[in-house]
Amino acid sequence: MTADSCVFCRIVAGELASSVVVESETVLAFMDVDPVTPGHVLVVPKAHLPELADLTDAVADEMFAVARSVAGALRSSPLRSEGVNLFYADGAAAFQAALDDVEGDEAPVRGVPA
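Rendered as structure tokens:
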């Protein structure tokens, strides 16, 4: 998958609609359009880094810091989140979906293969 066909890169570039929760210089957090639970937020690097090994320490640290911030906000929000899951899908065997055939103005972010 290339940056041109990556759904996350298209969201970061503003080509696809998203509900941004937090944005930093290197990370974007936004609501999942097909949430597993209320408050389902995705935290992604702004650079096209499809594998965990591609992340620099600085980007990984920023992603975790943003995830912590979002988790705290969810716990004190009207959603009253009672738990938090952190999940990083790296590779097809981990259900990382190559979402490069997106049509329309809203991305199907969660694409676990059937």
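Note that numbering that gives the first Met the number 0 gives residue 73 to position 74 of the sequence shown, counting from 1, and the numbers run on in steps of one. Think of the CB as a built atom: it goes at the ideal place given N, C-alpha and C, for glycine as much as any other residue.
Helix, strand or coil at residue i [DSSP, three-state]
i: E61; result: helix
i: A52; result: helix
i: F7; result: helix
i: A2; result: coil
i: V21; result: strand
i: A12; result: coil
i: A88; result: coil
i: V32; result: coil
7 Å Cβ shell around residue i - same chain, five flanking residues per side excluded
i: S80; result: G38, L73, R74
i: G71; result: none
C-alpha gap between residue i and residue j, whole angstroms
i: A46; j: G13; result: 14 Å
i: S18; j: M30; result: 5 Å
i: V201; j: F7; result: The chain is shown from 0 up to 113; residue 201 falls before or after that span and cannot be answered.
i: A2; j: L48; result: 9 Å
i: I10; j: F86; result: 19 Å
i: T55; j: P44; result: 10 Å
i: A16; j: V69; result: 20 Å
i: S23; j: F63; result: 12 Å
i: L78; j: N84; result: 15 Å
i: D53; j: R67; result: 21 Å
CB contact flag (residue i, residue j, <7 Å)
i: T25; j: E61; result: yes
i: V35; j: A28; result: no
i: V65; j: V42; result: yes
Cut-off 8 Å between Cβ atoms - residues of its own chain near residue i, not counting five sequence neighbours on either side
i: S76; result: G38
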